[in-house]
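**Q** Mind having a look at this structure? Questions to follow.
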Amino acid sequence: MAVDAFALRIEAATAAHPNLDSPHARRLTDALVAGDRLEAARALHALVERLGVTRALTTISPVIMELLALLGLLDENPVNDSFSWVTLAGGVPTTDPLFGLPCSLIKHLNPGPGRAERAEADPILAKVLGTSRNDIVSYINDIGALGNHGLVLLRRIACTDGAVRHVLLLPGTSFGLVSNSTPQDLVGAFDGCLRTDTTYTRAAKKLLKRAGVPAGSELMMVGHSLGGLTAMNLAADLDVASEYRITHVVTLGSPIDNKRPADHTTRVVSLVNKHDVIPTLDGRGPASPHDVPDSWVELSWLDESYDYPLSHAPQAYSDSLRGELAHHRDRVNALIGSYDGEIIGNQPYMLRDR
């Protein structure tokens, strides 16, 4: 029954993703449903040979969790079966799909207390920030200019209604090394998927204290990838939610569907390119029967302009929202309209593990 359920989910995803119905992709999915690992390996090789690594990964990305779950369910290793059952139920796996190793081991690789130090914007970042405004595309461009080597940005805005509000911009993961001296590494990304208390959240909390953000201030967080995960983890932190009024969490390409803010009034906006693999890592993909809460705003689209990993880059999201998806841009901007006003402070901070 579990195999049939996964097969039906793959078939359902094929309706929205015609590339999954190509002969080479169908050969791979059929082999995994049949439990024929040798044929699956041959099919994957043929798919990569025909399309290349990035396009092959992009093709199967809508059902990658289902394919991994089938692999775990039908092999001879009973230890990794829990990955498959949790994926089937729409939960967040706590083991890896191949060997069944507990993902909790990752927390021991990411034990830093977190540190935040004021930094100066380089000329390129300063130029981008100089033209920034309360617009989702502008925020994405700001995040792209911050890079993913530890910099984040705290902004103060004198809003048109007379209130002073803050925006925290959180970039995503650096893929150069598995682990580095900043919270923006692959170890931190896996840790952020599984826990709310991470090096990135600890460093961000110290940033808010160091910056002297007054208690009770209204705060919006905008994050890409791991940055979006961290924004949701901060919103789920009772200490943060009781210290500040987190009005909005806006995420781009982030696997956040298993996260919930502590304050039920926090507006969550999730932007997802369906060609982006990363948002499916929370166990909920386009084929999953589980939906996000009704109070959330999830805006998703299928943009074939970029293969993964380029489809995950901030620039890909910015390009989409400036083009045919301008209506999504307008909707997000309407949701965050309370932050319209004059920027009176742009302060970058460098976050470190220690």
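Heads up: the sequence shown is residues 0 to 353, going by numbering that gives the first Met the number 0. All residues carry an ideal CB built from backbone N, CA and C; glycine is no exception.
(1) Could you pull out every residue in the same chain whose Cβ sits closer than 6 Å to the Cβ of Q346, ignoring the five residues on either side in sequence?
(2) Expressed to the nearest angstrom, what Euclidean distance is found between the alpha-carbon atoms of G354 and T181?
(3) Grouping DSSP H, G and I as helix and E and B as strand, with all else coil, what is T181?
(4) Under a three-way DSSP split, which group does W300 fall into?
(5) Please classify P101: does DSSP put it in a helix, a strand, or coil?
(6) What does Q369 pair with, by DSSP beta-bridge criteria?
(7) Can you give, in chain order, each stretch of the beta strand (DSSP E) that sits fully within the stretch 168-251 and has at least 3 residues?
(8) Would you grab the beta carbon distance between L169 and G222 for me? Rounded to a whole angstrom, and I think it's under 8 Å.
(9) Do you know whose CA, among L73, R8, L19 and A14, lies nearest D35's CA?
(10) On the CB-based measure, 16 or more other CB atoms within 10 Å of its CB, does Q314 come out buried or exposed?
(11) Go to N345, then tell me how far its beta strand (DSSP E) extends in each direction, as first and last residue.
(12) If we count the other Cβ atoms within 10 Å of its Cβ and call it buried at 16 or more, is M219 buried or exposed?
(13) Please list, in chain order, all residues of the same chain as L43 whose beta carbon is under 8 Å from its beta carbon, the five residues on each side excluded.
(14) Can you tell me where the beta strand (DSSP E) holding S294 begins and where it ends?
(15) Could you have a look at H107 and say whether DSSP puts it in helix, strand or coil?
(16) Rounding to the nearest angstrom, what Cα-Cα distance links N147 and L167 in this structure?
(17) Can the beta-carbon of N79 be found less than 8 Å from the beta-carbon of T93?
(18) Check whether the Cβ atoms of L97 and F5 sit closer than 8 Å, and answer yes or no.
(19) State whether the stretch 322-332 contacts the stretch 108-126, with contact taken as three or more CB pairs (one from each stretch) at a distance under 8 Å.
(20) Touch check for the stretch 201-218 and the stretch 133-142: three-plus C-beta pairs under 8 Å?
(21) Take A68 and list the residues in its own chain whose beta-carbon comes closer than 8 Å to its own, dropping the five residues that flank it on each side.
(22) Which residue's Cα is closest to the Cα of D293: D306, Y305, S319 and H263?
(23) Taking C-alpha atoms, which residue in G344, D256, H23 and N109 lies nearest to R41?
(24) How far does the alpha helix (DSSP H) with L27 in it reach, from first residue to last?
(25) If I measure Cβ to Cβ from N272 and keep anything under 7 Å in the same chain, skipping five residues before and after, which residues do I get?
(26) Could you tell me the alpha carbon to alpha carbon distance between T246 and V163, rounded to whole angstroms?
(27) Which whole-angstrom value is the C-beta distance of R201 and P112, which I expect to be below 8 Å?
(28) Mark E65 as exposed unless 16 or more other C-beta atoms lie within 10 angstroms of its C-beta, in which case mark it buried.
(29) Have a look at R194, S224 and T229 and flag the residue whose alpha-carbon is nearest the alpha-carbon of T172.
(30) Which term fits S60, buried or exposed, when burial requires 16 or more other beta carbons within 10 angstroms of its beta carbon?
(31) Could you name the residues of the same chain whose beta carbon sits closer than 7 Å to that of N18, not counting the 5 residues immediately before and after it, in chain order?
(32) Report the partner residues of T58 according to the DSSP bridge assignment.
**A** Taking the structure as given:
(1) L153
(2) This structure cannot settle anything about residue 354, because the visible part of the chain is limited to 0 through 353.
(3) coil
(4) strand
(5) strand
(6) Summary: the structure shown does not reach residue 369, with the chain confined to residues 0 through 353, and so no result is reported for it.
(7) 217-223 and 244-251
(8) 4 Å
(9) L73
(10) exposed
(11) G340 to R351
(12) buried
(13) L27 and A55
(14) No beta strand (DSSP E) contains S294, which DSSP labels as neither H nor E.
(15) helix
(16) 15 Å
(17) no
(18) no
(19) no
(20) no
(21) F5, F82, S83, T86, L87 and P96
(22) H263
(23) H23
(24) P22 to V32
(25) G252, W300, D302, S310, A315, Y316 and S319
(26) 13 Å
(27) 6 Å
(28) buried
(29) S224
(30) buried
(31) A24 and T58
(32) Partner(s): none; T58 has no beta bridge.
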